[in-house]
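Taking it in order: structure first as structure tokens, then the write-up.
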Amino acid sequence: MWVERYGPKNIKDMVGNEETRISFLNWLKDWKKGSKPAILIGPPGTGKTTLVHLAADELGYNLIELNASDVRTKDKMTQKLGPTLSTHSLFNGKSLIFLDEVDGMYYRQDRGGIEFVQELIDSGRVPLVMAANIEDDKKVIKLIRKSKVFRFRRVVPRLVELYIEDILKKDVAKLSKESIRLIVREAKGDMRAAINTAQSLAGLSTEELSSVVSSRNLAYSLKESFEAFFNADSQEEAYKALIASKVPPRDKVKIAYLSVINSGLKGDTLIKALEKIGEADKIVNMIGTTQEWRLLRYLDRLLAYSLFNTLPKGSVSYSEEDMPWNLKVRMWNEGKVLKDIGGRLSKFLHISSREAVSIFMPYLLVVIGKEKKSLERFIRLLGLGESALKVMVKESERVFLKVR
Amino acid sequence: MGRDRFISLMKAGLIYDRSKGFKAEADSNLVIITSILKTALDEDFEFVPKCFVCNSSVECYLCAYCHICDVKSSTPDCLCNKCMDREDTFIMYGRTLMKKIS
Chain A
4 MWVERYGPKN IKDMVGNEET RISFLNWLKD WKKGSKPAIL IGPPGTGKTT
54 LVHLAADELG YNLIELNASD VRTKDKMTQK LGPTLSTHSL FNGKSLIFLD
104 EVDGMYYRQD RGGIEFVQEL IDSGRVPLVM AANIEDDKKV IKLIRKSKVF
154 RFRRVVPRLV ELYIEDILKK DVAKLSKESI RLIVREAKGD MRAAINTAQS
204 LAGLSTEELS SVVSSRNLAY SLKESFEAFF NADSQEEAYK ALIASKVPPR
254 DKVKIAYLSV INSGLKGDTL IKALEKIGEA DKIVNMIGTT QEWRLLRYLD
304 RLLAYSLFNT LPKGSVSYSE EDMPWNLKVR MWNEGKVLKD IGGRLSKFLH
354 ISSREAVSIF MPYLLVVIGK EKKSLERFIR LLGLGESALK VMVKESERVF
404 LKVR
Chain B
31 MGRDRFISLM KAGLIYDRSK GFKAEADSNL VIITSILKTA LDEDFEFVPK
81 CFVCNSSVEC YLCAYCHICD VKSSTPDCLC NKCMDREDTF IMYGRTLMKK
131 IS
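Here the protein sequences line up with chains A and B, keeping their order. All residue numbers for the first sequence refer to my numbering, where the first residue is 4 and numbers rise by one. All residue numbers for the second sequence refer to my numbering, where the first residue is 31 and numbers rise by one.
So this is what it looks like as structure tokens:
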């Protein structure tokens, strides 16, 4: 496998996430007993596992690894890691414990495993490194709170291309620029996927390769397809742009919706556009219920002929944001203010700031929320300003609406 | 920009240096930062990646991947056209990293 043969042998051979790699290396160099563990978070194929292996190698650590394919119950983990933990000081050896894919640990199957990891973190006797693909998982959030976080992002296409070209030089394999671009495009920042695709394409004859490249090039990504749709000059062109993307119809409706709500369209234009998307969504749902899958072929036509006509040319661009950005900013700012209020309240009430906001504050608002003056006094008492008052007024309106 | 927005930007991981201005790092939440700046400036703008080898700004509009590259969710460093066309780019890339490590 090329992934093993041409995978990086040294930290400097890796590409992407440069700052993160350097700061992780510094963390491991400076590690001392009692230091926080490290958690590496990022999408697959961005070099998390490789970095841990190479860093351990370069700094002379003996790596003890447990990944998702191992049973990670408390008993099994104690069995595997126990000797390291107890003999660590005797040998003065440098051991590093690496728990890969911690987001794949489950309370039921890996009985007691997560608690064991917590104990391991608290003990702080050996450098502990964890890796996860997602960070909005409850288990991972708990671990993040106790760890030094290193975030990995997708590798930019040019760096993927650089790496693939270097492999091709080493393997004396030849691929056209077009094929390399196809590999990079399909990998979407995942180095492992890019290397695997390169290997599979390098084994093809010139004819086979050109047919693969041309057939894959025909299928547009959702982004390409919708960008062409929104900028089309005619209905027919818009229709062609939509059918060029071979993604599930539900995704097309979703992207049409997200792009429209993030576009800044206003008034009647926005209402009409949303109505058309609503009709398309209704049809997709109806097809799902009646199992009349053959009707799906008309969805592209519906979107092209009804939605396209409601949008002024160039007024909408592709977006995957699940919320309009102005709403997102508002939520972000209000959340921050609520956190401040919770923090100050918690000091008075000797409870956590989360409890202060979720349990105590609704009652408080019922009592004092009706009168703005009382709210003002309360905010002053907490030592907060105008922005906190605005949020409290809004919160009290929300609470009264619920009470009613 | 206002105090509140400035604090939000700092919380989203933007770094401010009086002499150099703002700097986004690997940990910065570019989606949130973009949203805040969009409201503050009331205009569209884009993040421009830096070339890891020569530290110049990368001209994304000249890149063959500009339509598929999501700068906000990718690593902040890239390669400029000039460095990409060199024969020894991969070696130079590794050397730059080693310099930064040491």
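Here a beta-carbon is modelled for each residue, glycine too, at the ideal position from N, C-alpha and C.
- DSSP places ARG33 (chain B) inside the alpha helix (DSSP H), whose first and last residues are 33-41.
- Residue contact check for ILE66 (chain B) against chain A: a CB pair falls below 7 angstroms.
- An exposed status is given to TYR46 (chain B), since fewer than 16 other beta-carbon atoms sit within 10 Å of its beta-carbon.
- Sixteen is the threshold: when 16 or more other Cβ atoms of the shown chains lie within 10 Å of the Cβ of THR126 (chain B), as they do, the residue is buried.
- Counting only runs that start and end inside the stretch 248-320 of chain A, the alpha helix (DSSP H) elements of at least 4 residues fall at 252-264, 270-293 and 302-305.
- Scanning chain B for C-beta atoms nearer than 7 angstroms to the C-beta of LYS331 (chain A) yields SER65, reported in chain order.
- In chain order, LEU109, MET114, THR119, PHE120 and TYR123 make up the part of chain B whose C-beta sits under 9 angstroms from the C-beta of LEU165 (chain A).
- At a cut-off of 7 angstroms between beta-carbon atoms, ILE98 (chain B) makes contact with chain A.
- In the DSSP assignment, ILE100 (chain A) forms a beta bridge with A:ILE67 and A:LEU131.
- Chain A has a Cβ within less than 7 angstroms of the Cβ of ASP34 (chain B).
- The beta-carbon separation of VAL159 (chain A) and CYS90 (chain B), rounded to 10 angstroms, does not stay under the 8 angstroms limit for a contact.
- Annotation: Cβ neighbours of GLY192 (chain A) in chain B (cutoff 7 angstroms, chain order): SER104.
- For LEU127 (chain B), the C-beta contacts it makes with chain A under 8 angstroms involve ILE14, LYS15, GLU21, ARG24 and ILE25, in order along the chain.
- Shown here is that no member of the stretch 240-273 of chain A has a Cβ falling below 8 angstroms from a Cβ of chain B.
- Close to GLU55 (chain B), with beta-carbon spacing below 8 angstroms, are these residues of chain A in chain order: GLU22.
- Under the Cβ distance rule, PRO160 (chain A) counts among the residues neighbouring chain B, one pair being separated by less than 7 angstroms.
- Take ALA391 (chain A), set aside five residues on each side of it, and the residues of its chain with a beta-carbon closer than 8 angstroms to its own are VAL340, ASP343, ILE344, ILE382 and LEU385, in chain order.
- Proximity of LYS80 (chain B) to chain A, defined by a Cβ-Cβ separation below 7 angstroms, is not satisfied.
- With respect to SER182 (chain A), LEU162 (chain A) sits apart: the two C-beta atoms are not nearer than 7 angstroms.
- Chain A has no Cβ within less than 7 angstroms of the Cβ of TYR91 (chain B).
- With a cut-off of 8 angstroms on Cβ pairs, the stretch 239-251 of chain A is not in contact with the stretch 261-281 of chain A, counting fewer than three such pairs.
- Judged by DSSP secondary structure, PHE381 (chain A) falls within the alpha helix (DSSP H) whose first and last residues are 375-385.
- Excluding residues up to 5 positions away in sequence, PRO79, CYS81, CYS108 and CYS110 lie with their Cβ nearer than 6 angstroms to the Cβ of VAL88 (chain B) in the same chain.
- In chain order, ALA135, ASN136, ILE137, ASP140, LYS142 and VAL143 place their CB closer than 7 angstroms to the CB of ASP106 (chain A), counting only its own chain and leaving out the 5 sequence neighbours on each side.
- No Cβ-Cβ contact shorter than 7 angstroms links THR64 (chain B) with VAL332 (chain A).
- The residues TYR9, in chain order, have a CB closer than 6 angstroms to that of ILE170 (chain A) in the same chain once the five nearest residues on each side in sequence are set aside.
- If you check the CB distance, VAL319 (chain A) and ASP284 (chain A) do not come in under 7 angstroms.
- The DSSP-derived three-state label of ALA190 (chain A) is helix.
- TYR46 (chain B) is outside the set of residues whose beta carbon lies under 7 angstroms from a beta carbon in chain A.
- Among the residues facing chain A, LYS130 (chain B) is included, as its CB has a counterpart in that chain under 7 angstroms away.
- Residue-level contact check: ARG156 (chain A) touches chain B, since one or more beta carbons of chain B fall below 7 angstroms from its beta carbon.
- In this structure, GLY50 (chain A) places its C-beta atom within 7 angstroms of the C-beta atom of MET17 (chain A).
- Counting C-beta pairs closer than 8 angstroms gives fewer than three between the stretch 359-369 of chain A and the stretch 297-313 of chain A, which falls short of the contact rule.
- The continuous beta strand (DSSP E) containing LEU44 (chain B) extends over residues 44-47.
- Annotation: the continuous alpha helix (DSSP H) that includes LEU127 (chain B) extends over 119-131.
- According to the DSSP assignment, ARG154 (chain A) belongs to the beta strand (DSSP E) that extends over 151-154.
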